[in-house]
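Numbering of the sequence shown is given in the working numbering, commencing with residue 142 and proceeding in unit increments. Note that beta-carbon positions come from the ideal geometry of N, C-alpha and C, so glycine has one too. To start, the structure itself, in structure tokens.
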Amino acid sequence: MAEYRINELADVSGVSVRNIRVYQDRGLLPPPKIKGRTGWYSAEHLSRLKVISQMLERGYTFATISELLMAARYGLKVEHVLEGEPKRGSRWKNFRRMATITISELRKGLGATDSNIALGQRLGLLVKEGAGYAVTNPEVLAGAEVLVKAGIDLDVLLTRWERVQQDLQDIAASFVSIVTDKYFEDGSPLELEESEVIRLAELVHTVRPMAHDIVEVAFSKAMDTEISKRSIAVPN
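This is the structure we're talking about:
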């Protein structure tokens, strides 16, 4: 089996020595085998570098690459890949960010009671952080503030959000099952080579944002329909 010093590995792989060390620091590339004072890399390292390079070229982050390679090594379920970070623009990133809020801000902006805050924690909207809370979905918080100011009770909003979360989980399960029911009927873990993970990841990163857009459009139409129904019922 071929063995390479780090400079030799850089030459045959086309990856700089600096980047090889970065990949090792990030946990993407296993450490070399030490013989004496020299680190020796194998064909496995070369293959891994090719996989990493291909995935970086396709726009995957270090975090996503690490998750996929780890999954391929220890037995991958397609659900685990589907839960990976979507390839979206800034709008999607905003959905994933976390904000912080104090108890006084919760009480002032939303009229939140202790029971409201406890329910928000149970639903995963609030996470205790020091003297305040981390808000896992700032968009929900902003929407709740608008509706509370319009006179909607916060308890009602939280109860509805719990139901919405359950409905969304069902929708997500339905989309995931399109793949699992077709290719993995018994639900057993995938046994994939690292190169095969790339192909599956490419499918996932293509389908996931498409599923998001499909649901978004369908929801918008459903909202229009419901608003129209309610408007007709309102007397002149």
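- Counting only runs of at least 3 residues, the stretch 273-314 fully encloses the following beta strand (DSSP E) elements, listed from N- to C-terminal order: 273-276.
- Considering only 178, 176, 161, 177, the residue with the shortest C-alpha distance to residue 170 is 161.
- Per DSSP, residue 164 is one residue of the alpha helix (DSSP H) stretching across 158-166.
- In chain order, 154, 155, 156 place their CB closer than 8 angstroms to the CB of residue 194, counting only its own chain and leaving out the 5 sequence neighbours on each side.
- Considering only 296, 241, 256, the residue with the shortest C-alpha distance to residue 278 is 241.
- Residue pairing by DSSP places residue 207 opposite no residue, since no beta bridge is assigned to it.
- According to the DSSP secondary-structure assignment, residue 176 is paired through a beta bridge with 179.
- For a cut-off of 8 angstroms, the C-beta gap from residue 286 to residue 260 is around 16 angstroms, too long to register as a contact.
- Residue environment analysis places residue 253 among the buried positions, since at least 16 neighbouring C-beta atoms fall within 10 angstroms of its C-beta.
- CA-CA distance, residue 150 to residue 187, rounds to 7 angstroms.
- DSSP places residue 202 in the coil class of the three-state scheme, outside both helix and strand.
- Comparing C-alpha distances from residue 348 to each of 359, 320, 365, 361 shows the shortest one belongs to 320.
- When DSSP states are grouped into helix, strand and coil, residue 243 belongs to the strand group.
- Between residue 272 and residue 243, the C-beta gap is smaller than 8 angstroms, which places the two residues in contact.
- Listed as beta-bridge partners of residue 268 by DSSP are 275.
- Contact check for residue 343 and residue 199: beta-carbon distance about 7 angstroms, within the 8 angstroms limit, so the pair qualifies.
- Beyond the five residues adjoining it in sequence on each side, residue 282 comes within less than 6 angstroms, by CB distance, of 276 in the same chain, given in chain order.
- When the beta-carbon positions are compared, residue 298 and residue 309 stay at least 8 angstroms from each other.
- With respect to residue 180, residue 147 sits close: the two C-beta atoms are nearer than 8 angstroms.
- In the same chain as residue 175, and ignoring 5 residues on each side of it, the C-beta atoms closer than 8 angstroms to its own belong to 181, in chain order.
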